[in-house]
Amino acid sequence: MSDAPFLRLRAVSRRYCVGGQEVNALRAIDLDIASGEMIALVGASGSGKSTLMNILGCLDRPNSGTYSVAGRDTSMLDPDETAALRCAYFGFVFQRYHLLSQLTARDNVEIPAVYAGASVAERHARATELLTRLGLGERLDHLPNELSGGQQQRVSVARALMNGGAVILADEPTGALDSATGEEMMKLLLALNAQGHTLIIATHDHQVAGHAKRIIEMADGVIVSDCAIGHAYEAASPAPSIATVRPASWSRYGEAARMAFLALRAHRLRTALTALGVIIGVFAVIMTVALGDSAQHFLEKSLASLNTKTFEIEPGKEFGDPHADRVQTLTVQDVDALRRQYYVHSVSPRQMTSSLLRYGSSSGLATVWGVGESYFDAKSLAIVAGVAFDAEDVARQTQVVVIDENIQRQFFASENPLGKTVYIGNLPCMIIGVVGHLEGRLEQSTDKKLNVWVPFSVVSSRLTGRRHLQNIFLRLRADQSTEVAERRITELFLERHRTKDFIVWNLDDQIKTTENVVQLMSLVFAAIGAISLVVGGVGVMNIMLVSAAERAKEIGIRIAVGARRSDIRDQFLTEAVAACLLGAAGGVAICVVIAAVMAWLLPTDFEFVLSGHAIAIAVACAALTGVVAGYAPARKAARLDPVEALARD
Ligand code: ADP
Ligand code: MG
Numbered sequence: 001m002s003d004a005p006f007l008r009l010r011a012v013s014r015r016y017c018v019g020g021q022e023v024n025a026l027r028a029i030d031l032d033i034a035s036g037e038m039i040a041l042v043g044a045s046g047s048g049k050s051t052l053m054n055i056l057g058c059l060d061r062p063n064s065g066t067y068s069v070a071g072r073d074t075s076m077l078d079p080d081e082t083a084a085l086r087c088a089y090f091g092f093v094f095q096r097y098h099l100l101s102q103l104t105a106r107d108n109v110e111i112p113a114v115y116a117g118a119s120v121a122e123r124h125a126r127a128t129e130l131l132t133r134l135g136l137g138e139r140l141d142h143l144p145n146e147l148s149g150g151q152q153q154r155v156s157v158a159r160a161l162m163n164g165g166a167v168i169l170a171d172e173p174t175g176a177l178d179s180a181t182g183e184e185m186m187k188l189l190l191a192l193n194a195q196g197h198t199l200i201i202a203t204h205d206h207q208v209a210g211h212a213k214r215i216i217e218m219a220d221g222v223i224v225s226d227c228a229i230g231h232a233y234e235a236a237s238p239a240p241s242i243a244t245v246r247p248a249s250w251s252r253y254g255e256a257a258r259m260a261f262l263a264l265r266a267h268r269l270r271t272a273l274t275a276l277g278v279i280i281g282v283f284a285v286i287m288t289v290a291l292g293d294s295a296q297h298f299l300e301k302s303l304a305s306l307n308t309k310t311f312e313i314e315p316g317k318e319f320g321d322p323h324a325d326r327v328q329t330l331t332v333q334d335v336d337a338l339r340r341q342y343y344v345h346s347v348s349p350r351q352m353t354s355s356l357l358r359y360g361s362s363s364g365l366a367t368v369w370g371v372g373e374s375y376f377d378a379k380s381l382a383i384v385a386g387v388a389f390d391a392e393d394v395a396r397q398t399q400v401v402v403i404d405e406n407i408q409r410q411f412f413a414s415e416n417p418l419g420k421t422v423y424i425g426n427l428p429c430m431i432i433g434v435v436g437h438l439e440g441r442l443e444q445s446t447d448k449k450l451n452v453w454v455p456f457s458v459v460s461s462r463l464t465g466r467r468h469l470q471n472i473f474l475r476l477r478a479d480q481s482t483e484v485a486e487r488r489i490t491e492l493f494l495e496r497h498r499t500k501d502f503i504v505w506n507l508d509d510q511i512k513t514t515e516n517v518v519q520l521m522s523l524v525f526a527a528i529g530a531i532s533l534v535v536g537g538v539g540v541m542n543i544m545l546v547s548a549a550e551r552a553k554e555i556g557i558r559i560a561v562g563a564r565r566s567d568i569r570d571q572f573l574t575e576a577v578a579a580c581l582l583g584a585a586g587g588v589a590i591c592v593v594i595a596a597v598m599a600w601l602l603p604t605d606f607e608f609v610l611s612g613h614a615i616a617i618a619v620a621c622a623a624l625t626g627v628v629a630g631y632a633p634a635r636k637a638a639r640l641d642p643v644e645a646l647a648r649d
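Just so you know, we're using the numbering used here here: the sequence shown kicks off at 1 and counts up by one.
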């Protein structure tokens, strides 16, 4: 095997199909190249030099024939193995340098080592050393457009040497340089050949070719002459100097992230536009989720002040029963029976009517609640002055009344109302207590409402004349479950009435219904937010597709210096995800600002909750959007034909 030529072509042909016509760029080429040779490939333009160089460098494949490198038949290799081979043995020097414009000289030189899996420190040191050796020690951090043509070409030579560069393929390396700089470049390449690098130069410049020890002349896709002038240097076995191990995935992604960052920075406006769609989407998701959360929070807070462990029992077969007021079976005995149940904290009959309330020259329409002595307890009504009536008052139909603070304020001003007599309709009643104003109580939903509480027996006999009950109000003991209690109460009443002529209802049910509605609304809002995120994603995909097409050349260069398809795919995917995460960060930032402004503007009881889970969901969605939107463009980029990509401008 050691005697076999290092590079060996047998009957290699390459055809292009242009507009239905076949162009034979290479016709059955046989060629052996030993390691350490210095070859000039000459011929007129269009004779097939570049095509041959691309095949030699494993950038392109022959249509027929075989090509083997160090004894390995390249036709047997898959794309990744080909990339690894290219990475390990070949260094390209192009006529137009082909440096990545957004990277510094040193970063450009490091790329082959990145794809070979060298550590940061190792490749940094080597790139610095190579550039210094080539006289660019002062230019390490310059961008390509800050360097002269000759300097750029030297950077590209350093890049070719980065992984060892056992074979340097230079396609018209002096073509873009003036003759003096070109001459210097040739000296540099010759020196490298003297150090053992196999050197193949494609040129149509005979002066350049004059330096070679073997000149191969091509015409029309065939070799017309192949003559050796002098001896090749005896070269050591051309082994790659840097181990081409697959880098650990985290460092690959780290590198991809760095490249993505550089690419995003290089195209700021495009990045901003890409991110904008995501910013809007993330903003919409977070805001809608936050608004839903806040509404729910607000609702819960408002409802917490209401007693949820309460039941009301009313006559009628079902809600909205039109004959409910004809049902007369709900009685005081039912209340007594309930009072004996273990789950009951307090229970009271309740009749409601309204009546004109008068005191001196003041009058107003008041809601009159005919209730039992336990009602204040059951309803958690606080007596702020005087007392509530007791069981005896109820039994004896004492004409006493408890008023609310609104009445005290409107009717008595600074006067003490206790002991005064007010008229409810024509019924005189003595004020014995005042109920404090309690927020959120259904009976006092507005500040203007007037409420009085009178013994149930008085209302029943003197105001309404009805003996049966309209409503029973019941409060459960705190440790009892509403579901069980509801069942027990229903059982009890069925037993007592022998028919379902009553309705048991609970505030919990209503709260739950309201909560469900709020939750549903949050969901709908979140869906709208998600849709805007999808729209943002489509924008990202669109821009990434354009970007992949626009950056074909960059992709070609990366593949030429050893990138695998997966490296290119990861780079573009990372870029898409990074753009989306950038957008997510922007969206979150806007939300935080808005939350701060809202906290400042809104009344204190409506708290705007910018929940962590909303942010987490939105950021995760944005990252997912990046992966989904970036996948197709990344795949497209990874599948570009490097030769074609490099030819683009
Ligand atoms: P040279 O480098 O010697 O100037 P090339 O190898 O670039 O020649 O081209 C050899 C022939 O192949 C030319 O006739 C050229 O038109 C043709 N050719 C090269 N690349 C392509 C391509 N991508 N598609 C079609 N034809 C091509
Ligand atoms: Mg060419």
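For every residue, glycine included, the Cβ atom is placed at its ideal position computed from N, Cα and C.
Is the closest heavy atom of the ligand ADP to the C-beta of residue i under 7 Å?
i, result
"residue 560", "no"
"residue 50", "yes"
"residue 22", "no"
"residue 45", "yes"
"residue 25", "yes"
"residue 42", "no"
Just verifying my parser: in three-state terms, what is the DSSP assignment at residue i?
i, result
"residue 551", "coil"
"residue 343", "coil"
"residue 393", "helix"
"residue 138", "coil"
"residue 116", "helix"
"residue 433", "strand"
"residue 163", "coil"
"residue 40", "strand"
"residue 386", "strand"
"residue 571", "helix"
"residue 503", "strand"
"residue 417", "coil"
"residue 57", "coil"
"residue 97", "coil"
"residue 198", "strand"
"residue 262", "helix"
Give the straight-line distance between the Cα atoms of residue i and residue j, rounded to the nearest whole angstrom.
i, j, result
"residue 244", "residue 297", "Because the pLDDT of residue 244 is 48, which lies under 50, any placement of that residue in the model is unreliable, and the question is left without a value."
"residue 543", "residue 285", "22 Å"
"residue 14", "residue 550", "27 Å"
"residue 97", "residue 58", "19 Å"
"residue 630", "residue 572", "7 Å"
"residue 498", "residue 350", "23 Å"
"residue 173", "residue 187", "12 Å"
"residue 435", "residue 510", "26 Å"
"residue 17", "residue 556", "21 Å"
"residue 87", "residue 112", "7 Å"
"residue 118", "residue 165", "15 Å"
"residue 347", "residue 482", "15 Å"
Using a Cβ-Cβ cutoff of less than 7 Å, which residues in the same chain neighbour residue i once the five nearest sequence positions on both sides are dropped?
i, result
"residue 133", "none"
"residue 387", "432 and 433"
"residue 266", "102"
"residue 30", "9, 10 and 11"
"residue 385", "418, 433 and 434"
"residue 647", "none"
"residue 90", "57, 58, 167 and 169"
Taking only heavy atoms of the ligand MG into account, decide whether any of them is closer than 7 Å to the Cβ of residue i.
i, result
"residue 554", "no"
"residue 220", "no"
"residue 647", "no"
"residue 202", "yes"
"residue 172", "yes"
What does a CB cutoff of less than 8 Å around residue i pick up in its chain, not counting 5 residues either side in sequence?
i, result
"residue 195", "none"
"residue 287", "529, 591 and 594"
"residue 610", "286, 290, 591, 592 and 595"
"residue 412", "359 and 420"
"residue 152", "97, 99 and 144"
Taking 6 Å as the limit between beta carbons, can you name the residues of its chain near residue i, skipping five residues before and five after?
i, result
"residue 539", "277"
"residue 259", "571"
"residue 41", "49, 202 and 216"
"residue 256", "570, 571 and 574"
With hydrogens ignored, establish whether the beta-carbon of residue i is closer than 7 Å to any heavy atom of the ligand NAD.
i, result
"residue 217", "Within the structure as shown, the ligand NAD is missing, the only ligands being the ligand ADP and the ligand MG."
Exercise for review: Taking only runs that begin and end inside the segment 464-498, name each unbroken beta strand (DSSP E) of 3 or more residues, in chain order.
Suggested key: For the segment 464-498, whole beta strand (DSSP E) runs of length 3 or above, ordered along the chain, are 471-476.
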